[in-house]
Structures are given as C-alpha cells and as structure tokens.
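Below is one structure, written out as structure tokens, with a few remarks after it.
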Amino acid sequence: MVDRDTPVYVISVAAELAGMHAQTLRQYDRLGLVTPSRTRGGGRRYSSRDVDRLREVQRLSGEGVSLAGIQRIMELEVQVEALRDRVAQLLADNERLRERAAQGGRVFAADLTGEVVAVRAGQRPQGRPSSTALALWRPRGWPAD
C-alpha cells in the first residue's frame, strides 16, 4: 500500500486527477501553491496529498479567492495542523506527568532558609529559621526609649 505522501503521479496524471491542465500545475508549482517532488531528471512527481491540494486550490479559485489568498489560506492550514499536533503532544505529556505525580513522585519546596528541598506530596518542609533576632528601625529624630 502506498501512503498519501508518496510521489507517484507524473504531471499529466496528476492534472487529470485534479481536473486541470498540466500548465496550470506548472504555474501553481512556480507560485509555491503545490510543490511536487522532483526526479533526478527534474520531472515532477505528485502524491495523493498533492492532488488533494490541487483540488482545493481549484475549489477556492472557483469561489473567487485570489492565488495570493489561496496561498495564505494554505499556509494557515499548515500552521493549524502543526498546532493541533503540538496540542495533542502537550496533552499526552500532561497526562503522563499527572500519572507520574499520582504515583507519589517527589515534590520540591523551599524551606524556611530558602533552600530547595524534596518533600512528600502534602508535606511542608521541616526546620526553623536559623535566627530569632528582631531588627527594630527607628526614623531619625524618633525619641529613644
């Protein structure tokens, strides 16, 4: 089975599948709307995903969207897909971290001296401040006791 990203179609077949003229595919390639793979000899090879993209360009163009507008729409679709992938990755990471925390992993806190110490979940750091001295400030001119 061939996946959707494998470049298998020559330009004439891709043009027929997309319902366009081969010259239109060359123009879209020059504009960067659809960038097919290249053979060693420089021939274009289109994947199923490229053909779907060509159909989408044709649909948007038929609705009156300019080629620059189509290019921007497609750039944004790529960004949205990348963001969706990132959100899925972050959700999986978050779930993994929640599971690890539920297993009673280490928790860190600052003790009374400001040092970072490992404690159990729900526990407070132990210890007392190293000094019990009190500093008293008096403004100038304040009467002495």
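Per this note's numbering, the sequence shown starts with residue 213, numbered consecutively. Note that the Cβ used here is the ideal one computed from N, Cα and C, for glycine as well. Since the model is a prediction, treat every value here as computed from it, not as a measurement.
Use the C-beta contact count for residue i: other C-beta atoms within 10 angstroms, 16 or more gives buried, fewer gives exposed.
i           : result
residue 351 : exposed
residue 355 : exposed
residue 226 : buried
residue 292 : exposed
residue 348 : exposed
Straight-line CA distance for residue i to residue j?
i           : j           : result
residue 270 : residue 312 : 49 Å
residue 223 : residue 231 : 12 Å
residue 329 : residue 297 : 36 Å
residue 335 : residue 305 : 26 Å
residue 309 : residue 319 : 13 Å
residue 265 : residue 300 : 24 Å
residue 273 : residue 281 : 9 Å
Would you mind stating whether residue i and residue j have Cβ atoms separated by less than 9 Å?
i           : j           : result
residue 219 : residue 252 : no
residue 229 : residue 263 : yes
residue 248 : residue 260 : no
From what residue to what residue does the beta strand (DSSP E) around residue i run?
i           : result
residue 225 : Not the beta strand (DSSP E): residue 225 falls in the alpha helix (DSSP H), residues 223 to 230.
residue 322 : 319 to 322
residue 330 : 328 to 331
Under DSSP, the alpha helix (DSSP H) around residue i begins and ends at which residues?
i           : result
residue 269 : 260 to 274
residue 302 : 279 to 314
residue 346 : First-last for residue 346: undefined, no H or E at that position.
Apart from the five residues just before and just after residue i, which ones in its own chain have a Cβ nearer than 8 Å to its Cβ?
i           : result
residue 243 : 279, 283
residue 241 : 247, 248, 256
Which same chain residues, not among the five before or five after residue i, have their C-beta less than 6 Å away from its C-beta?
i           : result
residue 221 : 258
residue 333 : 319
Considering only residues of the same chain and omitting the five flanking positions on each side of residue i, which have a CB-CB separation below 7 Å?
i           : result
residue 216 : 259, 260, 261
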